[in-house]
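Notes to accompany the following structure.
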Amino acid sequence: MTTVVSMDGPLKLEPSPGLLDDIEQPLSVWHAYGRHPYRSLGGHHRFMITRDDFRFVDGSRFWRFDESQTEVLLHTSFPDDAVHVMRRLEAYRNP
């Protein structure tokens with residue numbers, strides 16, 4: 002289990018391929034559009050984007066992350082994959 006820091010305190014997560022996808026998908030929207038389009042992520046249940054932050058949702062509770070904390074979450078939870086994910090995300094910013 003990995004512990005990461007959110008705006009709401011520490012959060013323990015179990016890294017898995019599904020979790021990596023759940024993090025990468027909202028980050029790709031964030032990078033592609035430069036904003037937080039809440040409704041574009043209706044199908045993603047564990048992570049979502051609001052106008053102000055990136056959230057990990059667990060039942061009725063959530064933890065908020067800013068963009069830099071989200072990137073630290075990615076690098077902490079998936080050190081081997083993070084570099085490749087960030088390269089793909091940067092391609093959205095610099096087509």
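Positions 2 to 96 (my numbering) are the ones given, in order, by the sequence shown.
Even for Gly, the Cβ is constructed at its ideal location relative to N, Cα and C.
- Bridge partners of MET49 according to DSSP: ARG56.
- Note: ARG62 is bridge-paired with ASP59 in the DSSP secondary-structure output.
- Of all alpha-carbon atoms in LEU14, PRO11, ARG56 and VAL84, the one lying nearest the alpha-carbon of ASP67 is that of ARG56.
- Beta-bridge analysis with DSSP links VAL5 to LEU12.
- For the 8 Å CB-CB criterion, LEU21 and LEU14 do not form a contact.
- Boundaries cannot be given for SER17, as no alpha helix (DSSP H) includes it and DSSP labels it neither H nor E.
- Bounds of the alpha helix (DSSP H) holding ASP82 are 80-94.
- In this model, PRO80 and PRO11 are separated by some 19 Å (Cα to Cα).
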